[in-house]
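Q: Quick one: the structure is below, and I'll ask about it shortly.
There are 2 protein chains.
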Amino acid sequence: MNNSAPVLEFEEIRKVKGIKGKDLLDIAINEKIYISSICAGRGSCAKCRVIIKEGHENLSPLTNLEKTYLNKEELEQGYRLACYTKLIGDGYVRIYIPAESRAEPQKMLVSGIQVKTALNPIVKKYFVKLPKATLEDRRQDWERLCDVIKEQVGLKELIISYGALTELANVLRESWAVTVVIRDDKEVLWIEKGDTRERLFGFAIDVGTTKLAGYLMDLKSGETLASTSSPNPQAIYGGDVASRVAFAMKDKKNLKLLNKLVIDETNEMLKKLCGEAQVNPEEIYEVSVAGNTVMHHIYFGINPKYIGLSPYVPTVGEGIKVKAKELGIKVNLEAYSYGLPNIAGFVGADTVADILASGIHESDELSLLIDIGTNTEIVLGNKHRLIACSTPAGPAIEGGHIKYGMRAEVGAIEHVWIDPDTYEAGYKVIGDVKPRGICGSAIIDTVAHLYKANLISENGTFKQDLNSKRIKRETENTEYVIAWSYESAINRDITFTAKDVREIQLVKAAIRTGVTAVMDYMHIHPKDIKKLYLAGGFGTYVDPQSARTIGMYPDIPLERVRFIGNAAGAGAKASLISKGIREKAEEIRRNIEYVELSTYPKFLEIFMKATYIPFKDKLGFPV
Amino acid sequence: MNNSAPVLEFEEIRKVKGIKGKDLLDIAINEKIYISSICAGRGSCAKCRVIIKEGHENLSPLTNLEKTYLNKEELEQGYRLACYTKLIGDGYVRIYIPAESRAEPQKMLVSGIQVKTALNPIVKKYFVKLPKATLEDRRQDWERLCDVIKEQVGLKELIISYGALTELANVLRESWAVTVVIRDDKEVLWIEKGDTRERLFGFAIDVGTTKLAGYLMDLKSGETLASTSSPNPQAIYGGDVASRVAFAMKDKKNLKLLNKLVIDETNEMLKKLCGEAQVNPEEIYEVSVAGNTVMHHIYFGINPKYIGLSPYVPTVGEGIKVKAKELGIKVNLEAYSYGLPNIAGFVGADTVADILASGIHESDELSLLIDIGTNTEIVLGNKHRLIACSTPAGPAIEGGHIKYGMRAEVGAIEHVWIDPDTYEAGYKVIGDVKPRGICGSAIIDTVAHLYKANLISENGTFKQDLNSKRIKRETENTEYVIAWSYESAINRDITFTAKDVREIQLVKAAIRTGVTAVMDYMHIHPKDIKKLYLAGGFGTYVDPQSARTIGMYPDIPLERVRFIGNAAGAGAKASLISKGIREKAEEIRRNIEYVELSTYPKFLEIFMKATYIPFKDKLGFPV
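As you go down the protein sequences, you meet chains A and B in turn.
In this text, residue positions in the first sequence follow this note's numbering: the first is 32, and each later residue adds one.
In this text, residue positions in the second sequence follow this note's numbering: the first is 32, and each later residue adds one.
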């Protein structure tokens, strides 16, 4: 350790070298010490709370912003927001990262629904036998191979990849019986000696904002041989797409950096999956990528900047193919990486995958699909017509802006119920450990149960005439205690505040506004909706009754609700084993109508009504 | 300099570090000290003569092979063949490279004939104006561009290069009026802001075994903006294609090495030409490559090994396109490198270019085309039918195997004439300096004039009853003195020996056999041949009368002879400015018939007759 640099000790973790002028979050990220952060240091999520145990004098003074996020008790204990605390002195600083600020393995949804499709991958293998070159038959190798493929397989007007061209002569001289790998009946990607038709593999990846899920697929059987998931390593530069875009905009190098992080992680996944399934990465001939538009663009090295700026236009919507080697993905030298199509800036291939997984594009029934997330996508329609919109629901359902909010990690309360008579609470914790906070599904439960127990009114305010020790009115921010300090892992009461309720009102209002707008656009009444599909990691865990209680969606009978999980992975897999799925995805992209919510005529009126629990006009079209 | 390594001093050049066990030619090549060598150290050309001035004891003993190539006088002077002399001791060695063994700038043919063609390059520029993205018109950038190109240019179903895709958003945000570069009406290679239609460039390269010729072309006007040539740097690994193939076969790394040499030289040429013409390499959107099949394969990184082994089959015959970046050529990131089609292992794109330049594929007249070189290609036919064959004429016409033979460099005698009465000789030297040796054209002249002066007989032997001081009979290898030692730069008589005559008999017999075989195959009599095209660097300088005198080709009136120079460069240029030329080249490749000479039924009979001067049967079909 450099003697001249100040020493920072992260208690229970390790000592690191401090860099003067940098904030504590930055220093921790550089040292791969993970502190929770959703807003990437923009001071808006207040998740990066740390306790300074020693060395206050070496740090920048407390800011007003921190004073609004931290209460008196916390300030006395030495709490700071890591992203607002700069190292300014040369002395020793000791920092404790409390349990609620530690980033832990998240509850991740890898499986997803299976999209039904016939096995018909875009890459295929054919075994052919060539007549040996002789002085009497001196056709060039490539012309000879073309003749034989035309004769024995029936494909013509083929092209050959550069890599295959340079290897062709050597492979043929080892064996005149070869297996050719042909993509889209058009390009000979590779030539393998002998008959290797049984071994043909693909890799599908769902590039989520928060996590990556990878699948090694057998393209001969359509089966998933192995799957894995890991956090999206870009998360250290911001928890949501907006902060990734902002980071990419800040400096030209940042796009490369974000791209490299996710490509490196892809290669790690490939190494792991290939090891497990005993597949040589060179036997992987196609990579299929699904994600939201920003993740898609960054994955393919395309600047997402203009997705983040009005009028929020992506570079490309249609499905794209790029040689995997251009991206640095370590599979066969000439394999392609295919990116599923995007509909708009905030409606990406993940939504196309949702539609494919739900099947609404092929159904007569009118269906509503909601993929709930920081950015929520809504699709309404059937096989005749599809309408999509997107709505920035904000990070609250991932735990952001919520006092004890956290991601769906071990230690998060995932479900809450309140007895309307006693006002007592029950809850369930992920991993069955002592709770550290509450995650999205429990947050929705809490608001629903506070409303059903008559603890809060239609406009979200706590009622005044309540008498329960669960209600704390010590500050103007009234709180309901979900878990007492002795039950918790953080030695403090885990509460849900009046401000938290308002945050969720905004989230659900944003979603409800989108739902209402697409229904209004199509002149649809809730009773016309025959199916409601809830998608996305959050959509899988949320209690649909709680969501309906707070008015996140209109009054649709619960038996019409279907969960399709995280469809992006299923979409990537399906597009790998079926060309038809790619064509369908393209068709969906071309035909779907996109409604821009921010310029929708009745936007403000609907939004205002939607902030009420469950909605201002309980009756009447279109709610 | 490493003290433990032996020191070699190349007199007048520099001292270098010696490596024990290596031969002097190898050491010199590694140090970029150029010693003439045609056979690449196989001990067959005897061109790498050096004089050891000091340190004989540190070198391997004189070999029998050297004793056959070097005469008594030379051995006394300390002559050795550098490729057969190994460094074995630790002491100092001083080496002198005599004038005749120094590689000097060669006489090079850059211009070539112009192939007539309409201006219609495969890459074109279009200027389009896009409606700006707004909240009302949120088409993605690529979809928007496609719509506009369809509307304003009429092209549809376009694809976009990966590089252009990653830059698209940025370019459009700088200007919604852009110039798109489109290849083959299909792929958007690049997008430039504003109207840049006036600047569209291409690079054509003729990859000769001995030299490279590069041309910077203006694709808007079809004009050559600048041209340059340089020796093919691969020549240090062998002067002819056979030795390049042999070198590539020896070790896997060698193909890469040969490829890198020629690509590096390409980039040097590009730098020079772009500097001269004030063109940014990124404005070059297509590279066109012509050469013989071996040069073509090495240029594109394809192993030429199997061209060198029976049945002499190349990897690919049809025209190929490979992204220039795959080859490391520094032009626009997404430009393609196009290789003109090859007909067979030893009939390459250079021959296709010869045909295009001569126009015989479009003529009613029956024509004969001979591209004379170490490997000589012969084409006979007209627009109805074309027959090609190739014949390994050997290196003698490039100066190999000829006692004072040398390449057509400064100091080479290029023309010789002999007075049939006095037997006195006259000559002309390239660069008008004192001669160091004689090059191909003069070698043919010498044999023709020795024959016409009745100094040699039909079977090539010197007549016995001659009385002239020009005839030296000191050894059994009778010599004719072309230049006396006092006239020469090497202080020795420059002579032409009986053995030299025999070498040329073999060369011309090889060529004449090919010519006779294709004529026999088509049942053609010399009088039917309306045009004789002589092609290639050698074909341009040779005196057609001398060539006819020795019987290199049948008795065709001299007024029917046409010179088309080195057509490969012209072919590369034409294919750059015209798509039509590429289609024609492909048509030629598909339709031409190839006659394999070595398996031709009458081969030995014809060859035997062809060794006579001018031919055994002076009358009668088919000569």
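Each residue gets a CB set at the ideal place from its N, CA and C atoms; glycine is no exception.
Quick caveat: nothing in here was measured; it's all calculated off a predicted structure.
Please tell me whether B/T255 has its Cβ less than 8 Å away from any Cβ of chain A.
A: No - not a single Cβ of chain A is within 8 Å of the one on B/T255.
Q: Please report how far the alpha carbon of B/N334 lies from the alpha carbon of A/D282, in whole angstroms.
A: Taking the straight line from one Cα to the other gives about 44 Å.
Q: How close, in whole Å, do the beta carbons of B/S472 and B/D574 come, if the pair is a contact with beta carbons under 8 Å?
A: The pair is a contact, with the Cβ atoms about 7 Å apart (cut-off 8 Å).
Q: Below 7 Å between beta carbons is the criterion; list the residues of the region 170-190 of chain B that meet it against any residue of chain A, in chain order.
A: Of all residues in the region 170-190 of chain B, Q171, D172, W173 and E174 have a Cβ within less than 7 Å of some Cβ in chain A.
Q: Please report the residue range of the beta strand (DSSP E) in which A/F41 lies.
A: That run of the beta strand (DSSP E) goes V38 to F41.
Q: Tell me which same chain residues have a C-beta within less than 7 Å of the C-beta of A/P645, skipping the five on either side of it?
A: Excluding residues within five positions, the ones whose Cβ falls inside 7 Å are T580, I581 and G582.
Q: Assuming A/W173 is part of the alpha helix (DSSP H), what are its boundary residues?
A: D172 to Q183 is the extent of the alpha helix (DSSP H) around A/W173.
Q: Identify the continuous alpha helix (DSSP H) that holds B/V655 and give its terminal residues.
A: Limits of chain B in this structure are 32 at one end and 654 at the other, which puts residue 655 of chain B out of reach.
Q: If you draw a straight line from the alpha carbon of B/I401 to that of B/R593, how long is it in whole angstroms?
A: Roughly 11 Å between the two C-alpha positions.
Q: Cα separation between B/G49 and B/Y435?
A: Going by the C-alpha atoms only, they are around 30 Å apart.
Q: Between A/G596 and the ligand ADP, is the CB less than 7 Å from at least one heavy atom?
A: The ligand ADP is absent from the structure shown, which contains no ligand whatsoever.
Q: Using a Cβ-Cβ cutoff of less than 6 Å, which residues in the same chain neighbour B/K503 once the five nearest sequence positions on both sides are dropped?
A: Excluding positions up to five away in sequence, the list reads E510.
Q: Under 8 Å between beta-carbons, which chain A residues line up against B/S341? List them in chain order, please.
A: Within chain A, the residues near B/S341 are L166.
Q: Pull up the distance between the alpha-carbon of B/Y454 and that of B/Y482, whole angstroms please.
A: For B/Y454 and B/Y482, the distance between alpha carbons rounds to 11 Å.
Q: DSSP has B/E223 in a bridge; who is on the other side?
A: Paired residues: B/T210.
Q: Just grab the DSSP bridge partners of A/T528 for me.
A: In the DSSP output, where bridge partners are listed per residue, A/T528 has A/E510.
Q: Using a Cβ-Cβ distance under 8 Å, would A/T382 count as near chain B?
A: No, A/T382 lies away from the interface with chain B (no Cβ there is under 8 Å from its Cβ).
Q: Contact check, B/P372 vs B/G348 under 8 Å by CB: the rounded distance?
A: The pair is a contact, with the Cβ atoms about 6 Å apart (cut-off 8 Å).
Q: What residues match up with A/M248 in a beta bridge as DSSP calls it?
A: A/M248 is bridged to A/G233 and A/T255.
Q: Quick one: give me the first and last residue of the beta strand (DSSP E) that A/R12 is part of.
A: The structure shown does not extend to residue 12 of chain A, since chain A is modelled only from 32 through 654, so no value can be given for it.
Q: Considering just the uninterrupted stretch of the beta strand (DSSP E) at A/D295, what are its terminal residues?
A: Careful: A/D295 lies outside any beta strand (DSSP E), inside the alpha helix (DSSP H) at K283 to A308.
Q: Opposite A/F158 in the DSSP bridges: which residues?
A: For A/F158, which the question treats as bridged, DSSP gives the partners A/T210.
Q: Helix, strand or coil for B/L650? Go by DSSP, reduced to three states.
A: The pLDDT assigned to B/L650 is 48, lower than 50, so where the model puts this residue is not dependable, and the model offers no usable value.
Q: Residues of chain A with CB under 9 Å from B/K336, in chain order?
A: Chain A residues near B/K336: A200, N201 and R204.
Q: Mind listing, in chain order, the continuous beta strand (DSSP E) runs of no fewer than 3 residues lying wholly within the region 404-478 of chain A?
A: Listed in chain order, the complete beta strand (DSSP E) runs (minimum 3 residues) inside the region 404-478 of chain A are 406-412, 417-423, 443-449 and 456-460.
Q: Count the other CB atoms within 10 Å of the CB of B/N485; is the residue buried (16 or more) or exposed (fewer)?
A: With fewer than 16 other Cβ atoms within 10 Å, it is exposed.
Q: Just by C-beta distance, which residues in the region 606-634 of chain A are closer than 9 Å to chain B?
A: Under the 9 Å Cβ criterion, the region 606-634 of chain A contributes Y625, E627, S629 and T630.
Q: Please report whether the beta-carbon of A/G348 lies at a distance below 8 Å from any beta-carbon of chain B.
A: Yes, its Cβ sits closer than 8 Å to a Cβ of chain B.
Q: Of all the residues that make up the region 345-379 of chain A, which are near chain B by a beta-carbon distance shorter than 8 Å?
A: The region 345-379 of chain A vs chain B, Cβ under 8 Å: P345, T346, V347, G348, E349, I351, V353, K354, E357, N373, A375 and G376.
Q: Using a Cβ-Cβ cutoff of less than 6 Å, which residues in the same chain neighbour B/T528 once the five nearest sequence positions on both sides are dropped?
A: Here the set comprises K434, N508 and E510.
Q: In this structure, how does DSSP classify A/S142 when only helix, strand and coil are distinguished?
A: Note that A/S142 scores a pLDDT of 44, beneath 50, so its modelled location is shaky and nothing firm can be said.
Q: Do you know offhand how far A/F569's Cα is from A/A603's?
A: If you take the alpha carbons of A/F569 and A/A603, they lie about 19 Å apart.
Q: Would you say A/G332 reaches chain B, if we count a Cβ-Cβ gap shorter than 8 Å as a contact?
A: Closer than 8 Å to some Cβ of chain B, the Cβ of A/G332 qualifies, so yes.
Q: Do A/A566 and A/D237 count as a contact pair if the criterion is CB distance below 8 Å?
A: Result no, Cβ atoms of A/D237 and A/A566 do not sit closer than 8 Å.
Q: Between B/S488 and B/D496, what straight-line distance do the alpha-carbon atoms span, to the nearest angstrom?
A: Roughly 12 Å separates the two Cα atoms.
Q: Is DSSP giving A/V378 helix, strand or coil here?
A: In the structure shown, A/V378 sits in a strand (DSSP, three-state: E or B).
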